[in-house]
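So the structure is just underneath, and the comments pick up after that.
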Amino acid sequence: MKHRFTALVVLFFALVAGAWFALRPPEMPEALAPAASSRSAEARAAALSTATKLGTSAVLAIDPRSMGARSSAAAVSRHGLFNEYLAARNYKAIFDRLSGSSEGETPEGRYVLYDILRKCATVTERTTRAPIVRTAEQRRDQFVASIPENDPQRDKRIAAFDDVATNRCAGMEGISITQSALNKMLADAAAGGDPKAQALTLEQSLWAARRVDGRWRSDVAPTDEQVSQLRNAIMSRDPEAMLIAGRVLSTSWHDFSMRVGDSQVVEQRSFLQAWQLLACDYGYPCGETNQRLLSACAYQAHCNAQSLPDYIYYYGASPYDSQLLSQYREILRTAIETNNWGMLNVVRGPVPAQARATNNPPGPGR
Numbered sequence: 286m287k288h289r290f291t292a293l294v295v296l297f298f299a300l301v302a303g304a305w306f307a308l309r310p311p312e313m314p315e316a317l318a319p320a321a322s323s324r325s326a327e328a329r330a331a332a333l334s335t336a337t338k339l340g341t342s343a344v345l346a347i348d349p350r351s352m353g354a355r356s357s358a359a360a361v362s363r364h365g366l367f368n369e370y371l372a373a374r375n376y377k378a379i380f381d382r383l384s385g386s387s388e389g390e391t392p393e394g395r396y397v398l399y400d401i402l403r404k405c406a407t408v409t410e411r412t413t414r415a416p417i418v419r420t421a422e423q424r425r426d427q428f429v430a431s432i433p434e435n436d437p438q439r440d441k442r443i444a445a446f447d448d449v450a451t452n453r454c455a456g457m458e459g460i461s462i463t464q465s466a467l468n469k470m471l472a473d474a475a476a477g478g479d480p481k482a483q484a485l486t487l488e489q490s491l492w493a494a495r496r497v498d499g500r501w502r503s504d505v506a507p508t509d510e511q512v513s514q515l516r517n518a519i520m521s522r523d524p525e526a527m528l529i530a531g532r533v534l535s536t537s538w539h540d541f542s543m544r545v546g547d548s549q550v551v552e553q554r555s556f557l558q559a560w561q562l563l564a565c566d567y568g569y570p571c572g573e574t575n576q577r578l579l580s581a582c583a584y585q586a587h588c589n590a591q592s593l594p595d596y597i598y599y600y601g602a603s604p605y606d607s608q609l610l611s612q613y614r615e616i617l618r619t620a621i622e623t624n625n626w627g628m629l630n631v632v633r634g635p636v637p638a639q640a641r642a643t644n645n646p647p648g649p650g651r
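To get our numbering, take the position in the sequence shown, counting from 1, and add 285.
Here you go:
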């Protein structure tokens with residue numbers, strides 16, 4: 286009897302246990318899902334952030350000697366008269382070809398002729414500053430003597446100097462033009478629709494207003510109409526027009542500042558460098574023959590960069606500036622490709638201190 290009771294008790298608990306296991310709620314892996322999902326989202330966000338933003342350690346680890354192929358891969362290859370002119374080691378052949386020809390009568394042809402004459406001709410009645418002219422042989426001797434024999438970059442620096450110091454105006458010594466005739470060439474190029482000429486004309490008018498009657502005026506700023514004209518020049522996708530328009534928008538003007546969105550004040554130094562990178566993206570020659578790159582090699586021994594973007598990121602910007610100019614570059618590219626400038630706004634009123642904490646870019650006639 287006792288054994289039968291014990292067996293019944295054991296059977297009862299076995300049935301209860303079996304019923305509980307059969308009827309218990311299933312284990313819920315979803316309880317872990319939020320954490321897993323959160324980690325996944327964080328990973329995706331980190332990946333996206335890494336794709337568009339370099340951390341400080343990543344910037345410091347950049348080796349410019351191995352970046353050239355990557356940095357130039359996305360750039361548009363642009364062929365045309367102006368890029369031919371930029372690559373020329375002597376301007377006379379281009380000048381002779383354009384003078385009196387149908388090619389020289391195109392808006393871009395007029396602009397190239399204007400720029401050659403501005404740099405090479407003797408300009409009478411000049412109203413803008415003249416280019417600095419030095420004796421090439423004397424400069425080279427002084428430069429070579431200043432580089433120690435054991436400088437590991439010596440040969441590169443001398444070669445870069447020879448390129449930068451080349452007299453591209455050789456053979457044009459006897460050419461002269463009046464300032465008014467030079468101005469008309471630029472005006473004709475602008476009237477014909479060349480975006481470079483239009484942007485430069487606007488920039489020159491702003492600087493002329495600043496220097497009226499020989500006095501410096503601090504109350505000058507681009508009007509809304511002029512800002513619209515600068516955007517049109519940028520939208521042409523002409524890299525030189527982008528550089529000029531970007532230079533205007535990166536300059537300190539009276540009660541005028543740029544904002545990303547409604548509140549982020551644009552910092553002028555990084556903004557200007559972003560325009561330079563953007564011009565590279567749209568076909569400006571930014572490879573090893575870029576004049577800024579060669580000058581940096583010659584005069585600063587910064588010879589390892591293989592492109593202007595490499596140089597700016599490695600030599601020309603702090604990690605903080607690199608973050609900013611990457612952000613600005615992407616915003617500008619998006620605005621151009623979508624024709625939507627909503628993320629970049631002009632704000633009129635007192636200029637925040639951080640926007641002024643840079644040197645002004647050079648004006649026209651640089």
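All C-beta atoms in this analysis are idealised placements derived from N, C-alpha and C, irrespective of residue type, glycine included.
Cβ-Cβ separation between E525 and Y569: approximately 7 Å, consistent with a contact (criterion under 8 Å).
Closest option to A518, judged by alpha-carbon separation, among V533, V505 and D504: V533. Where T407 is concerned, the enclosing beta strand (DSSP E) starts and stops at T407 to T409. Between I529 and L485, the C-beta gap is smaller than 8 Å, which places the two residues in contact.
For D400, the closest alpha carbon among the candidates Y598, V512, Y370 and V429 is that of Y370. Our two residues, D606 and F380, have alpha carbons roughly 40 Å apart in a direct line.
For A455, the closest C-alpha among the options R500, C565 and K404 is that of K404. Contact between R425 and A445 does not hold, since the beta-carbon distance rounds to 12 Å and is not under 8 Å.
Under the three-state reduction of DSSP output, V533 falls in the helix class. Runs of the alpha helix (DSSP H) lying entirely within the segment 537 to 581 and spanning at least 4 residues, in chain order: 553 to 566.
A residue is called buried when at least 16 other Cβ atoms come within 10 angstroms of its Cβ; S542 meets this threshold and is buried. For V449, the uninterrupted alpha helix (DSSP H) run begins and ends at R439 to V449, by DSSP. Beta bridge pairing from DSSP links V636 with no other residue. Its chain contains A494, R495 and R496 as the residues whose beta carbon lies nearer than 8 Å to that of R502, once the 5 sequence neighbours on both sides are disregarded; these appear in chain order.
Annotation for I616: the continuous alpha helix (DSSP H) segment containing it runs P604 to T623.
In the pairwise beta carbon analysis, the segment 591 to 606 is classified as not touching the segment 503 to 522: fewer than three pairs are separated by under 8 Å. Under DSSP, V631 forms a beta bridge with M543. Here T536 is buried. Its C-beta has 16 or more other C-beta atoms within 10 Å.
Looking at Y584, G627 and V636, the one whose alpha-carbon comes closest to that of R516 is G627.
Burial check for D566: the Cβ neighbour count within 10 Å reaches 16 or more, so the residue is buried. In the three-state scheme derived from DSSP, where H, G and I count as helix and E and B as strand, I519 is classed as helix. The alpha-carbon of P637 is positioned some 15 Å away from that of N630. When secondary structure is reduced to three states using DSSP, T463 falls in the strand class.
DSSP, reduced to helix, strand and coil, places Q427 within a helical segment of the structure shown.
In this model, P604 and Q585 are separated by some 20 Å (Cα to Cα). The beta carbons of D479 and P392 sit closer together than 8 Å.
Per DSSP, reduced to three states, the secondary structure at W492 is helical. Here Y396 really is in contact with A474; their C-beta atoms are around 4 Å apart, less than 8 Å. Per DSSP, the unbroken alpha helix (DSSP H) holding I379 starts and ends at K377 to L383.
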